[in-house]
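Enquirer:
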Amino acid sequence: MQHALCYFMINKPYGMLSQFTREGKWNALCDLNYTFEKDVYPVGRLDADSEGLLILTNDTRLNALLLHPKQHITKTYLVQLEGTATPQAIQTLCTGVTFTNNNKPHSACASHASIVTQPNYITERNAPILAKRFPATSWITLTIDEGKNRQVRKMTAAVGLPTLRLIRIELGTFTLQNCITNTVTPLTLAQVKSAFNITQL
Numbered sequence: 016m017q018h019a020l021c022y023f024m025i026n027k028p029y030g031m032l033s034q035f036t037r038e039g040k041w042n043a044l045c046d047l048n049y050t051f052e053k054d055v056y057p058v059g060r061l062d063a064d065s066e067g068l069l070i071l072t073n074d075t076r077l078n079a080l081l082l083h084p085k086q087h088i089t090k091t092y093l094v095q096l097e098g099t100a101t102p103q104a105i106q107t108l109c110t111g112v113t114f115t116n117n118n119k120p121h122s123a124c125a126s127h128a129s130i131v132t133q134p135n136y137i138t139e140r141n142a143p144i145l146a147k148r149f150p151a152t153s154w155i156t157l158t159i160d161e162g163k164n165r166q167v168r169k170m171t172a173a174v175g176l177p178t179l180r181l182i183r184i185e186l187g188t189f190t191l192q193n194c195i196t197n198t199v200t201p202l203t204l205a206q207v208k209s210a211f212n213i214t215q216l
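Position one of the sequence shown corresponds to residue 16 (my numbering), numbered consecutively onward.
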């Protein structure tokens, strides 16, 4: 029996895998206090050490469409950096950096980046031990429309600013601001189509 199509948005916490099966020390989506249909899967992924917005659905057509490179889905990240972000670093992120992807050099640029202060709606979390060696940290926002493996972390490392904390705060027009960590927000297809400017479904 074909289940009805369903759509969800979650605010994934640090330490949770973008999958329903636990591995090692990491929690998984099955640890959210919500009962999903068995055929619901995340659209793309956030690493266990990353946080923020993630879409889940059992709509395979939508999943394929959102992951297609030609769709150019914008994703904005709030990034805590080891060290002090400078206007020069921001300019370099926007003009382009090169990093290794699948053992090959890959060039990418942010469509927008800026130096910011930590928003009030972002709660504190213990930074990695690395931050104790370099207590000076800074925050930036960075927007991209592709999703190579650990791309944002590789981009900031390329300008000499390793990422300490990575939070996806915008996905299409969906925003993190009113989405509480560990919560599941059901969506309608109309909301999803509007957020990602989709007309072909």
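Beta carbons are placed, not taken as given, at the ideal position from N, Cα and C, and that holds for glycine.
#1: In this structure, does DSSP put Val199 in helix, strand or coil?
#2: Tell whether a beta-carbon distance below 9 angstroms holds between Leu68 and Ile184.
#3: Count the other CB atoms, across all protein chains shown, that sit within 10 Å of the CB of Val94; report buried if there are 16 or more and exposed otherwise.
#4: Using DSSP's beta-bridge definition, name the partner residues of Arg180.
#5: Would you list, in sequence order, the uninterrupted alpha helix (DSSP H) runs of no fewer than 4 residues that lie entirely inside the region 43-100?
#6: Short of 6 angstroms in beta carbon distance, which residues of its chain neighbour Met31, apart from the five on each side in sequence? Order them along the chain.
#7: For the candidate residues Thr156, Lys163 and Phe51, whose alpha-carbon lies nearest to that of Leu20?
#8: Using CA atoms only, rank isn't needed, just tell me which of Thr203, Ile105 and Lys27 is closest to Ser126.
#9: Where do the N-terminal and C-terminal ends of the beta strand (DSSP E) with Met24 fall, by residue?
#10: Measure the C-alpha to C-alpha separation of Arg140 and Leu202 and round it to an integer number of angstroms.
#11: Tell whether a beta-carbon distance below 9 angstroms holds between Ser33 and Leu181.
#12: Can you give me the start and stop residues for the alpha helix (DSSP H) that Lys208 sits inside?
#13: For Leu216, count neighbouring C-beta atoms within 10 Å of its own C-beta (all shown protein chains included) and say buried if the count is 16 or more, exposed if not.
#14: Which same chain residues end up closer than 8 angstroms to Thr158 when comparing Cβ atoms and leaving out the 5 residues on each side of it in sequence?
#15: Assign Gly187 to buried or exposed, taking buried as 16 or more other Cβ atoms, counted over all protein chains shown, within 10 Å of its Cβ.
#16: Indicate the three-state DSSP secondary structure (helix, strand or coil) for Thr158 in the structure shown.
#17: Ignore the nearest five residues each way along the sequence and tell me which others in Ile195's own chain have a CB closer than 7 angstroms to its CB.
#18: Rounding to the nearest angstrom, what Cα-Cα distance links Lys40 and Leu179 in this structure?
#19: Would a C-beta distance cut-off of 9 angstroms place Pro84 and Ile130 closer than the cut-off?
#20: Can you give the Cα-Cα distance for Ala151 and Leu204, rounded to whole angstroms?
Expert: Let me spell this out:
#1: The answer is strand: DSSP assigns Val199 an E or B state.
#2: Result yes, Cβ atoms of Leu68 and Ile184 sit closer than 9 angstroms.
#3: buried
#4: Gln95
#5: Those alpha helix (DSSP H) runs which fall completely within the region 43-100 and span 4+ residues are 75-82.
#6: Listed in chain order, the non-local C-beta contacts of Met31 below 6 angstroms within the same chain comprise Asn42, local neighbours out to five positions each way being set aside.
#7: Leu20 has its Cα closest to that of Phe51, out of Thr156, Lys163 and Phe51.
#8: Proximity to Ser126 across Thr203, Ile105 and Lys27 peaks at Ile105, based on C-alpha coordinates.
#9: Tyr22 to Lys27
#10: 28 angstroms
#11: Going by beta carbons, Ser33 and Leu181 fall outside the 9 angstroms limit.
#12: If you look at Lys208, you'll find it in the alpha helix (DSSP H) that goes Leu204 to Ala210.
#13: exposed
#14: Hits under 8 angstroms: Thr89, Lys90, Thr91, Tyr92, Ala125, Ser126, His127, Ala128 and Glu185.
#15: buried
#16: Of the three classes helix, strand and coil, the one that applies to Thr158 here is strand, per DSSP.
#17: Shown here for Ile195: same chain residues with a beta carbon closer than 7 angstroms to its own, the five before and five after excluded, namely Asn26 in chain order.
#18: 19 angstroms
#19: No, these two residues do not count as a Cβ contact at 9 angstroms.
#20: 43 angstroms
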